[in-house]
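Below is one structure, written out as structure tokens; comments come after it.
In my numbering, the protein residues as written are 842 to 1195.
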């Protein structure tokens, strides 16, 4: 008999611990996914910044090391229409930085891209048959979603409002990730682009729990056992944790990101659209301070990062995204495997199940 107060996610996904290691693009390694799986959590491989060949290679590595349930995460945004005038305005806004840092302003702007879920990605899902497939920014078109479901995969997606949670349930999600305002990385918002609609985890989780019948996974601001206990008290069946895993040796973060995570104060994160064109929470750095964290000139997702690439090459700390949630000061240097087991053990101790 399980010692956890709610076993719906454990039963649904076939995992031992109600913990999901968040899929963090460019920061999640196959080693992190494997270690999370081996500890009994759900390891999650992000696919949005990988080519089809890279994704296939990553999934092969994970499957060879572990037979436990695996989550593969995809973005399902609509690529933006070309807008040369906006692209030019954005680059001109950055021109003084190009001159200061010695970057070639007249060179072609690099392409910043994140691939949405498509037929090629769906074929990889059909080939590897991950037990869980999760999406960000809603869900893909029905024909693709039906193909994913036909593999037997359970479907998860992020909701940042109650309305989004209801929509996701109506469109076939098996469980919903309630993504509070505190969470790091890209906001999963898809029914509205109004940041004023975004809700903190403490208020969001119980309202989504009341609004849907499927299990709810709490995300945002959860970095230790206290947060997991609180999530259960709010009605969640599990938690998704991201920032805490960025402190592990398995995280593939840059030196600047590594340093910022360990030195920024809890108040030094903000939502910004500068790096991709969509709001995402990260540690405040030079370009966010000087241009404003949210700037209307930034091109639509995922294009704004291209013009920043030459600046990032010259000053990584000042011009790269340093994604982090608000619970960063709860992070500590510990392996993925040990962190997962520690979170579980301490949670069970606090709820009196050990």
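For glycine and all other residues, C-beta sits at the position ideal for the given N, C-alpha and C.
{"Check": "With residue 1029 and residue 999 assumed to form a contact (beta carbons below 8 angstroms), what rounded beta-carbon distance in angstroms separates them?", "Outcome": "3 angstroms"}
{"Check": "Nearest to residue 1003 by CA position, among 1083, 878, 987 and 1031, is which residue?", "Outcome": "1031"}
{"Check": "Are the region 1152–1160 and the region 1036–1056 touching, with three or more C-beta to C-beta distances below 8 angstroms?", "Outcome": "no"}
{"Check": "Does the beta-carbon of residue 1091 have 16 or more other beta-carbons within 10 angstroms, so that it is buried, or is it exposed?", "Outcome": "buried"}
{"Check": "Would you call the CB atoms of residue 858 and residue 881 closer than 8 angstroms?", "Outcome": "yes"}
{"Check": "Quick one: is residue 1037 buried, meaning 16 or more other Cβ sit within 10 Å of its Cβ, or exposed?", "Outcome": "exposed"}
{"Check": "Does residue 854 come out as helix, strand or coil in the three-state DSSP assignment?", "Outcome": "helix"}
{"Check": "Reducing DSSP to helix, strand and coil, say where residue 995 ends up.", "Outcome": "strand"}
{"Check": "Tell me the residue span of the beta strand (DSSP E) that contains residue 1128.", "Outcome": "Premise fails: residue 1128 lies in the alpha helix (DSSP H), 1127–1132, not in any beta strand (DSSP E)."}
{"Check": "With a Cβ-Cβ cutoff of 8 angstroms, do residue 861 and residue 912 count as a contact?", "Outcome": "yes"}
{"Check": "Quick check: residue 867 and residue 888, are their CB atoms within less than 8 angstroms of each other?", "Outcome": "no"}
{"Check": "Pick out whichever of 893, 942 and 929 has its Cα sitting closest to the Cα of residue 959.", "Outcome": "893"}
{"Check": "Mind checking residue 955: buried by the 16 CB within 10 Å criterion, or exposed?", "Outcome": "buried"}
{"Check": "For a quick check, are the C-beta atoms of residue 815 and residue 1025 less than 8 angstroms apart?", "Outcome": "No statement about residue 815 is possible, as the shown extent of the chain runs from 842 to 1195 and does not include it."}
{"Check": "Express the C-alpha separation of residue 870 and residue 886 in angstroms, rounding to a whole number.", "Outcome": "8 angstroms"}
{"Check": "Tell me whether residue 889 sits in a helix, a strand or coil according to DSSP, three-state version.", "Outcome": "coil"}
{"Check": "What did DSSP end up calling residue 975 once you bin it into helix, strand or coil?", "Outcome": "strand"}
{"Check": "Less than 8 angstroms between C-beta atoms, sequence neighbours within five positions excluded: which residues of the same chain meet that for residue 980?", "Outcome": "917, 986, 996, 998, 1009, 1012, 1013 and 1014"}
{"Check": "Which value, in whole angstroms, describes the spacing of the CA atoms of residue 1174 and residue 1190?", "Outcome": "22 angstroms"}
{"Check": "Residue 842 by DSSP, collapsed to three states: which one?", "Outcome": "Legend: pLDDT at residue 842 = 39, less than 50; position of this residue unreliable, value from coordinates given subsequently. If DSSP states are grouped into helix, strand and coil, residue 842 belongs with coil."}
{"Check": "Considering only DSSP beta bridges, list what residue 1079 is partnered with.", "Outcome": "1058"}
{"Check": "Using beta-carbon positions only, say whether residue 1168 and residue 1069 come within less than 8 angstroms of one another.", "Outcome": "no"}
{"Check": "Would residue 1203 and residue 928 qualify as a contact pair, given that the criterion is a beta-carbon distance under 8 angstroms?", "Outcome": "The displayed coordinates of the chain run from 842 to 1195. Any statement about residue 1203 would go beyond what the structure contains."}
{"Check": "Alpha carbons only, please: which of 1071, 1027 and 1067 is nearest the one belonging to residue 1046?", "Outcome": "1071"}
{"Check": "Rounded to whole angstroms, what is the Cα-Cα separation between residue 1006 and residue 1076?", "Outcome": "15 angstroms"}
{"Check": "For a quick check, are the C-beta atoms of residue 1184 and residue 1066 less than 8 angstroms apart?", "Outcome": "yes"}
{"Check": "From residue 901 to residue 933, what does the alpha carbon distance come to, in whole angstroms?", "Outcome": "43 angstroms"}
{"Check": "Give the single residue among 1124, 1120 and 905 whose Cα lies nearest to the Cα of residue 1144.", "Outcome": "1120"}
{"Check": "Taking buried to mean at least 16 other C-beta atoms within 10 Å of its own C-beta, is residue 1106 buried or exposed?", "Outcome": "exposed"}
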